[in-house]
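Everything on this sheet refers to the single structure shown next.
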Amino acid sequence: MDLHSTEVRQKAVTLLRNGTKNADVARQLNVPTGTVGYWKHLDRAERGECPGKHDPECPRCDGRPLDAAAYSYLLGLYLGDGHISHYSAHRVPNLMITCSESWPGLMDDCEQAMRKVFPDNSVCRVRRTGCRNVKVYSKHLHCLFPQHGPGKKHDRRIVLDSWQREIVDAHPWEFVRGLIHSDGCRITNWTTRLVGGERKRYEYPRYFFTNVSDDIRKLYTDTLDKLGVGWTRCTRNGVPYNISVAKKGCVALLDAHVGPKF
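Take any residue in the sequence shown, note its place counting from 1, add 6, and you have its number in this note's numbering.
In structure tokens form, the structure reads like this:
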């Protein structure tokens, strides 16, 4: 219910049309700022000055160009640490990638990839304890990430559509990089060996990728196979969900195209 007189409202509209800021109008007329904003919106709507509906085009629905390299990387991040949700109070779903505060460079890369894949949508970071959720809202998320579904990823089949397969085949290193940045790591292993009769410590780098989903691990290992990167399954602490890359030449390849998190 509008408790303010028509005269007060008209004065407010006149001031607003003359360029006076909402807050200044509210102070002059002793009216809440929110009410002034509402009056301004109604006046603009009546005059046909409201902006059109924000409706970005979709690469799948509308044929908009897609940055395939950025998408391949973002797909890897999504399959690891990402999920899509739709809150009842929001008009469209959101894609959220959880990034640790320990790796600010990785967070920047994630945000940059989102902006390239969704150039007409806003991307934001939501602070959480020890991490930040990098988010984008779009009604076309299900078009670009058809792997979305109810429940956890490892409880359902994860299979790439043919168009996704083409992108991953064209940009395999970006896909591997996204997977490792989400569910992988580069560590330094060590062992001992006899050198000249003396036992010495020997250190070497190694990459691990850990994911409970058999399908996602297979996407990772199939891509490594195509890239000529040797790998082995590794059970750690009784958990058989690890893929290890430890051969010197293969580690060098991953170092050149992925590298440690940063």
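We put the beta carbon where it would ideally sit given N, CA and C, even for glycine.
Computed from a prediction, not measured in an experiment: that's the story for all the values here.
Excluding sequence positions up to five away, which residues of its chain have a Cβ less than 8 Å from the Cβ of residue i?
| i | result |
| --- | --- |
| Leu259 | Leu233, Gly234, Val235 |
| Ser91 | Pro99, Asn100, Met102 |
| Thr241 | Asn248 |
Using beta carbons (cut-off 7 Å, strictly below), is residue i in contact with chain C?
| i | result |
| --- | --- |
| Tyr213 | Of the protein chains in this structure there is only one, and it is not chain C. |
If you count every other CB in all the chains shown that lies within 10 Å of the CB of residue i, and 16 or more means buried, which is it?
| i | result |
| --- | --- |
| Ala262 | exposed |
| Ala95 | exposed |
| Ser144 | buried |
| Lys158 | exposed |
| Val245 | exposed |
Going by C-alpha to C-alpha distance, which of the options sits closest to residue i?
| i | options | result |
| --- | --- | --- |
| Lys206 | Ala119, Asp189, Trp196, Arg66 | Trp196 |
| Asp3 | Asp228, Phe215, Val19 | Outside the modelled stretch of the chain, which goes from 7 to 268, sits residue 3, for which no answer is possible. |
| Glu209 | Lys254, Val182, Tyr247, Arg15 | Lys254 |
| Asp221 | Asn243, Gly203, Arg163 | Arg163 |
| Glu172 | Arg50, Leu81, His10, Cys256 | Leu81 |
| Asn127 | Arg133, Gly203, His146 | His146 |
Can you list, in chain order, the residues of its chain with a C-beta nearer than 6 Å to that of residue i? Leave out the 5 residues immediately preceding and following it.
| i | result |
| --- | --- |
| Asp231 | none |
| Thr216 | Asp189, Tyr247, Asn248 |
| Asn139 | Met102, Thr104, Val132 |
I'd like the list of long-range same chain contacts for residue i, defined as Cβ closer than 7 Å, with 5 residues on each side in sequence excluded.
| i | result |
| --- | --- |
| Leu112 | Cys105, His187, Lys267, Phe268 |
| His89 | Met102 |
| Cys137 | Thr104, Cys105, Ser106, Glu107 |
Do you know how far the Cα of residue j is from the Cα of residue i?
| i | j | result |
| --- | --- | --- |
| Asn248 | Phe214 | 7 Å |
| Pro71 | Pro38 | 45 Å |
| Leu83 | Gly40 | 40 Å |
| Cys64 | Glu107 | 31 Å |
| Phe181 | Val142 | 20 Å |
| Gln16 | Asp114 | 48 Å |
| Ser11 | Leu48 | 16 Å |
| Arg121 | Leu21 | 38 Å |
Please specify which runs of the alpha helix (DSSP H), each continuous and at least 4 residues long, are wholly inside the segment 159–203, giving them in chain order.
-> The qualifying runs are 168–176, 178–189.
Counting only runs of 4+ residues fully inside the segment 76–133, write out the alpha helix (DSSP H) ranges in chain order.
-> Segments of the alpha helix (DSSP H) lying fully in the segment 76–133: 110–123.
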